[in-house]
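Start counting the sequence shown at -12; every next residue gets the next number (our numbering). Idealized CB from N, CA, C, for every residue including glycine. All figures in this text were calculated on a predicted structure; none of them were measured in a lab. Shown next, in structure tokens, is the structure this report addresses.
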Amino acid sequence: MRKWNFCAGPAVISEEVLKEVQNELVEWGDSGMSIMEMSHRSSIYDQVAIEAKSDLVDILSIPDTHDVLFLQGGATQQFATIPMNFASDSKKADYVLSGTWSKKSIAEASKLINVKTIASSENNGSYTKAPHPDSWNISPDSSYVHYCPNETIQGVSIHKAPIIDKPLIADMSSVILSEPLDVSDFSMIYAGAQKNIGPAGLTLAIIEKSFMEQDNNSLPNILRYSQHAASGSMLNTPPTFAWYMAGKVFKWIKKSGGLNYFREQNHLKAKTLYNYIDSSDFYSNPVSEENRSIMNIPFILSDSELDKLFLVESEACGLLNLKGHRSVGGMRASIYNAMPIEGIHALIDFMKDFEQRNG
Ligand SMILES: Cc1ncc(COP(=O)(O)O)c(C=O)c1O
-12 MRKWNFCAGP
-2 AVISEEVLKE
8 VQNELVEWGD
18 SGMSIMEMSH
28 RSSIYDQVAI
38 EAKSDLVDIL
48 SIPDTHDVLF
58 LQGGATQQFA
68 TIPMNFASDS
78 KKADYVLSGT
88 WSKKSIAEAS
98 KLINVKTIAS
108 SENNGSYTKA
118 PHPDSWNISP
128 DSSYVHYCPN
138 ETIQGVSIHK
148 APIIDKPLIA
158 DMSSVILSEP
168 LDVSDFSMIY
178 AGAQKNIGPA
188 GLTLAIIEKS
198 FMEQDNNSLP
208 NILRYSQHAA
218 SGSMLNTPPT
228 FAWYMAGKVF
238 KWIKKSGGLN
248 YFREQNHLKA
258 KTLYNYIDSS
268 DFYSNPVSEE
278 NRSIMNIPFI
288 LSDSELDKLF
298 LVESEACGLL
308 NLKGHRSVGG
318 MRASIYNAMP
328 IEGIHALIDF
338 MKDFEQRNG
């Protein structure tokens, strides 16, 4: 029996999508084989791949100025290939520090270029707000500005994309497809697939074509965005199954009502959970209101001695993966697109009951 899965990633996938995939797992159409056994150069797979891309372009209204790449290596590889490609001349880039993932991106880029942390909300290793874009002290000689709009571990978000005079690059791993987005605000958006896109193993990059042309031609092809783009993301064997499944998720998003529908649902889910947490003396969320994530909601119990019991009992009630990241402790509910409002109600019912018995 499937349960409510609050995992931060790999994360919940719609049961409807899973069942569809199950139905065609052994043989795709009348091809005589499964999608996993098919050449990525075959006409059948090509159609699956192209359709996934065009559905994503549709969902996000990606303009012609931008291209979509289906890559591997996770968001973590992007932490390295972005500075390698886009700061190869200046060796300078600006980064905003708002949580664990932006910190990691800074650490990786710093091995390659001079990183300037132009704004930070780090406070003794913790983050309960994000630096407002008005406070970003952008350098005149940096090649780009990088930030993480949704810090998955701390549940800290920068909700509105800043309009700046430089190429803007965003790690959207845990927030992409949660609501509509103006892609033209960004020179590059990237995301590991394993939250709102599909299974792990696929990494999406949406890159402004004129920016991509400036990548570093002294790098091996596999590290160059323009080379992936020129080969339709088939420079080498792509993660065919993950790409196919992402395509299924994109169709499910379209069928459900697109990103406007998910915006409404996601805000409702988040508001419902935050309202309950705020109304209780037993649970709390430390993030300042304007920076609260709609995807990842951490919360702590008034007595951390009860954490273990909370996790054991919640799991027994069919509420899985609520343990907060080891670096922050407490709990975290990741409530991506495929988590319905019923899952939030089930969580709140359990939290109320737990408080009554232990508060
Ligand atoms: C915001 C963010 N950036 C980067 C990563 C790292 O992604 P990957 O494991 O795909 O390299 C994660 C993973 O959870 C994330 O949430």
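I want to see whether chain C comes within less than 9 Å of residue i, judged by CB atoms only; does it?
{"i": "Gly142", "result": "This model lacks chain C altogether, as it is built from one protein chain only."}
Give a single yes or no on whether residue i has its beta carbon closer than 8 Å to a heavy atom of ligand 1.
{"i": "Ile374", "result": "Nothing about residue 374 can be read from this structure; the chain reaches only from -12 to 346."}
{"i": "Thr68", "result": "no"}
{"i": "Ser301", "result": "no"}
{"i": "Gln181", "result": "yes"}
{"i": "Cys135", "result": "yes"}
{"i": "Ser171", "result": "no"}
{"i": "Ser161", "result": "yes"}
{"i": "Gly317", "result": "no"}
{"i": "Ala94", "result": "no"}
{"i": "Glu138", "result": "yes"}
{"i": "Asp290", "result": "no"}
{"i": "Trp230", "result": "no"}
{"i": "Gln428", "result": "Because the chain in this structure spans residues -12 to 346, residue 428 falls outside the shown range and cannot be described."}
{"i": "Ala(-5)", "result": "yes"}
{"i": "Ala192", "result": "no"}
{"i": "Ala39", "result": "no"}
{"i": "Gly219", "result": "no"}
How would you label residue i, buried or exposed, when you count the other beta carbons within 10 angstroms and need 16 or more for buried?
{"i": "Ala216", "result": "buried"}
{"i": "His53", "result": "buried"}
{"i": "Gly112", "result": "exposed"}
{"i": "Asn110", "result": "exposed"}
{"i": "Pro207", "result": "exposed"}
{"i": "Thr224", "result": "exposed"}
{"i": "Gln141", "result": "buried"}
{"i": "Met(-12)", "result": "exposed"}
{"i": "Ala303", "result": "exposed"}
{"i": "Lys40", "result": "buried"}
{"i": "Glu2", "result": "exposed"}
{"i": "Ser213", "result": "buried"}
{"i": "Glu276", "result": "exposed"}
Can you give the Cα-Cα distance for residue i and residue j, rounded to whole angstroms?
{"i": "Pro118", "j": "Arg28", "result": "46 Å"}
{"i": "Ile184", "j": "Leu47", "result": "13 Å"}
{"i": "Ile281", "j": "Ser321", "result": "9 Å"}
{"i": "Leu288", "j": "Ala(-2)", "result": "24 Å"}
{"i": "Ile105", "j": "Asp81", "result": "6 Å"}
{"i": "Asp42", "j": "Asp17", "result": "23 Å"}
{"i": "Leu168", "j": "Leu222", "result": "28 Å"}
{"i": "Glu292", "j": "Val132", "result": "42 Å"}
{"i": "Leu58", "j": "Gly86", "result": "25 Å"}
{"i": "Gly316", "j": "Ser30", "result": "49 Å"}
{"i": "Glu24", "j": "Tyr32", "result": "10 Å"}
{"i": "Ile0", "j": "Ile328", "result": "15 Å"}
Anyone know if the C-beta pair for residue i and residue j falls short of 9 Å?
{"i": "Asn345", "j": "Asp290", "result": "yes"}
{"i": "Arg319", "j": "Leu309", "result": "yes"}
{"i": "Phe66", "j": "Lys91", "result": "yes"}
{"i": "Ser205", "j": "Ser26", "result": "no"}
{"i": "Ser129", "j": "Ser77", "result": "yes"}
{"i": "Ile125", "j": "Asp152", "result": "yes"}
{"i": "Leu191", "j": "Val55", "result": "yes"}
{"i": "Pro383", "j": "Trp123", "result": "A query on residue 383 cannot be resolved here, the shown segment of the chain reaching from -12 to 346 and no further."}
{"i": "Leu246", "j": "Leu164", "result": "yes"}
{"i": "Gln252", "j": "Asn72", "result": "no"}
{"i": "Val170", "j": "Pro136", "result": "no"}
{"i": "Met338", "j": "Val4", "result": "no"}
Given residue i, which residues of its chain have a CB within under 7 Å of its CB, disregarding the five upstream and five downstream residues?
{"i": "Ser21", "result": "Leu12, Val13, Glu14 and Trp15"}
{"i": "His312", "result": "Ile140 and Arg319"}
{"i": "Glu7", "result": "Lys235"}
{"i": "Ile93", "result": "Tyr82, Leu84, Val102 and Thr104"}
{"i": "Ile100", "result": "Pro70, Ala74, Lys78, Lys79 and Ala80"}
{"i": "Leu298", "result": "Leu309 and Lys310"}
{"i": "Glu166", "result": "Leu246, Phe249, Arg250 and Asn253"}
With a CB to CB cut of under 8 Å and the five nearest residues on each side skipped, what residues in its chain are close to residue i?
{"i": "Ile284", "result": "Gly142, Ala257, Leu260, Tyr261, Ile264, Asn272, Arg319, Ala320, Ser321 and Ile322"}
{"i": "Ala62", "result": "Trp88, Asp158, Ser160, Tyr177, Ala178, Gly179 and Thr190"}
{"i": "Ala358", "result": "This structure cannot settle anything about residue 358, because the visible part of the chain is limited to -12 through 346."}
Please work out which residues of its chain come closer than 6 Å, Cβ to Cβ, to residue i, disregarding the five sequence neighbours upstream and downstream, and give them in chain order.
{"i": "Asn278", "result": "Lys116, Ala117, Val143 and Ser144"}
{"i": "Gln181", "result": "Gly(-4), Pro(-3) and Ala187"}
{"i": "Asn324", "result": "Asn183 and Phe249"}
{"i": "Thr227", "result": "His27"}
{"i": "Ala333", "result": "Trp(-9)"}
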